[in-house]
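Q:
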Amino acid sequence: MKTNFLRDKAHWVWRETLAVHLRAPETRIASSLSPIEIFVALYYDDVLRFDAINPLSPERDRCIISKGHGSICMYPILADLGFFPKDELEKVCMAGGILGGIPDPVIPGYETVNGSLGHGLGVSAGMALGLKTRRADQQVFVVCGDGELHEGACWEAIMFAAQHGLDNLNLIIDNNHIAMLGYTDDIVSHGCFSERLGSFGWSTYEVDGHNISDVCATLHSMKATRDGKPKVMIANTLKGHGVPGLENQPLSHIINPKPEVIDNLLESLM
């Protein structure tokens, strides 16, 4: 029954994300459709410890959304959980609203500024080291895009985390295979993420990022494992997931579906 609930919730978030984009077409829709199951697993399957009333509670696990532009799907999740009023969803990218095209910490539930890519993993490694030094049991989760991992700063953080045995650090790669202007393998190939990150001293897991059961099981396993190694889940996803003409298209990052396409999708699912 929990699996059915999570699948239904993921589909609801997918619809709500399309509706937000219809009202605010400056949002990055393709990037925000690939990690939906990741965020649903984190926030609805008791992976993260959080307090919607007190988002900066010291008891919280830290969730760093490094690919901020690709997390518009987080807006309905945070509103649904009570981080901010649901009527904010009607004001995305509008004067007087708190929800922008690129999220930042003015939004309850966001820890960091996420405009410039490549920094979230380094910040997360620093947080994890601080928590470990204090012998705190909170963990750090960071969601990055595969295109973002072209940035050299990410690999500095990967080496740093392994050297310092940050087994309270959990990296989630939204591996949708497409960067801003094409397929990542045609720009700078990562090769096999599992082999490469394993060679850097990380414990690696690989899943179908749209299979909510596998995503949840893997995240719980990662959180329970404290063996002196940082952990990474490579979630293989589709950019623009579920939208005809957008899904898995090499330029989907900068393409907006026509409003009538979104209208038809939403009407067909009512």
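In terms of full-length UniProt numbering, the sequence shown opens at residue 1 and continues consecutively. Just so you know, even glycine gets a beta-carbon here, dropped at the ideal spot from N, CA and C. Keep in mind it's a predicted model, so treat the numbers as computed, not measured.
1. What are the boundary residues of the alpha helix (DSSP H) that includes Tyr75?
2. Taking the DSSP output, what are the residues bridged to Cys93?
3. Closest to Phe39 by C-alpha separation, out of Leu89, Ile254 and Ala235, would be which residue?
4. Among Asp61, Ile178, Glu260 and Val188, which has the Cα closest to the Cα of Val47?
5. Quick check on Asp227: buried or exposed, where buried means 16 or more other Cβ atoms within 10 Å of its Cβ?
6. Would you mind giving the Cβ-Cβ distance between Met233 and Ile178, rounded to the nearest angstrom? I have them listed as a contact below 8 Å.
7. I'd like the list of long-range same chain contacts for Asn114, defined as Cβ closer than 8 Å, with 5 residues on each side in sequence excluded.
8. Among the residues of its own chain, which have a CB less than 7 Å from the CB of Ser32, if the five just before and after it don't count?
9. Give a yes or no on contact between the segment 159 to 169 and the segment 85 to 94, applying the rule of three or more CB pairs nearer than 8 Å.
10. Taking only the alpha-carbon atoms, compute the straight-line gap between Cys43 and Gly118 and give it to the nearest angstrom.
11. CB Val123 to CB Thr112, shorter than 8 Å?
12. Is the distance from the Cβ of Thr237 to the Cβ of Lys231 below 8 Å?
13. Following the continuous beta strand (DSSP E) through Thr204, name the residue where it begins and the one where it ends.
14. Going straight from the alpha carbon of Tyr183 to that of Thr27, what length do you get?
15. Run the CB neighbour count on Ile158, radius 10 Å, all protein chains shown included, and call it buried at 16 or more, exposed below.
16. Sorted by chain position, which residues of the same chain lie with C-beta nearer than 8 Å to Asp214's C-beta, five sequence neighbours on each side aside?
17. Around the Cβ of Cys192, are there at least 16 other Cβ atoms within 10 angstroms (buried) or fewer (exposed)?
18. For Ala24, which residues of its own chain have a beta-carbon under 6 Å away from its beta-carbon, when the five flanking residues on both sides are left out?
19. Tell me the DSSP secondary structure of Phe39 in three-state form.
20. Is it buried or exposed, Gly152, if we count other Cβ atoms within 10 angstroms and call 16 or more buried?
21. Of the choices Gly109, Leu89 and Trp12, whose alpha-carbon is the least far from that of Phe50?
22. Should Leu266 be listed as close to the ligand ATP, given that the test is whether its C-beta is under 7 Å from any heavy atom?
23. Would DSSP call Asp186 helix, strand or coil?
24. What are the boundary residues of the beta strand (DSSP E) that Asn236 is part of?
25. Using three-state DSSP, classify Ala179 as helix, strand or coil.
26. Is it buried or exposed, Val243, if we count other Cβ atoms within 10 angstroms and call 16 or more buried?
27. Could you compute how far the alpha carbon of Asn248 sits from the alpha carbon of Asp146?
28. Roughly how many angstroms separate the alpha carbons of Lys229 and Trp14, rounded to a whole number?
A: Walking through what the data contain:
1. Start and end: Met74 to Asp80.
2. In the DSSP output, where bridge partners are listed per residue, Cys93 has none listed.
3. Considering only alpha carbons, the answer is Ala235.
4. Ranking the options by Cα distance to Val47, first place goes to Asp61.
5. Counting Cβ neighbours within 10 Å, Asp227 comes out exposed, since fewer than 16 surround it.
6. With 8 Å as the limit, Met233 and Ile178 do not qualify as a contact, their Cβ atoms being about 19 Å apart.
7. Correct list, in chain order: Ile65, Ser66, Lys67, Gly68, His69, Ser71, Ile102, Pro103, Asp104 and Gly120.
8. So the qualifying residues of the chain are Thr17, Gly70, Ser71, Ile72 and Cys73.
9. As far as the Cβ criterion goes, the segment 159 to 169 does not touch the segment 85 to 94, which means the pair count is below three.
10. Note on residue identity: the sequence assigns Tyr, not Cys, to residue 43. Rounded to the nearest angstrom, the two C-alpha atoms are 24 Å apart.
11. A contact, by the Cβ cut-off of 8 Å.
12. Result no, Cβ atoms of Thr237 and Lys231 do not sit closer than 8 Å.
13. That run of the beta strand (DSSP E) goes Ser203 to Asp208.
14. Computed Cα separation, rounded: 21 Å.
15. The residue in question, Ile158, is buried, as its Cβ has 16 or more Cβ neighbours within 10 Å.
16. Excluding its 5 nearest sequence neighbours in each direction, Asp214 has C-beta neighbours in its own chain below 8 Å: Val207 and Asp208, listed in chain order.
17. By the neighbour-count rule (16 or more Cβ atoms within 10 Å), Cys192 is not buried but exposed.
18. Spatial neighbours of Ala24 in its own chain (CB-CB distance under 6 Å, excluding positions within 5 residues in sequence) are listed in chain order as Val92 and Cys93.
19. Looking at Phe39 - three-state DSSP - the assignment turns out to be helix.
20. Gly152 comes out exposed.
21. Checked all of Gly109, Leu89 and Trp12; the closest Cα to Phe50 is Gly109.
22. No copy of the ligand ATP occurs in the structure displayed, which carries no ligand at all.
23. Three-state result, Asp186: helix.
24. Lys231 to Asn236 is the span of the beta strand (DSSP E), which, as asked, contains Asn236.
25. Residue state, collapsed to three classes: strand.
26. Counting Cβ neighbours within 10 Å, Val243 comes out buried, since at least 16 surround it.
27. Answer to the nearest angstrom: the Cα atoms are 14 Å apart.
28. Each residue's Cα considered, the two are about 34 Å apart.
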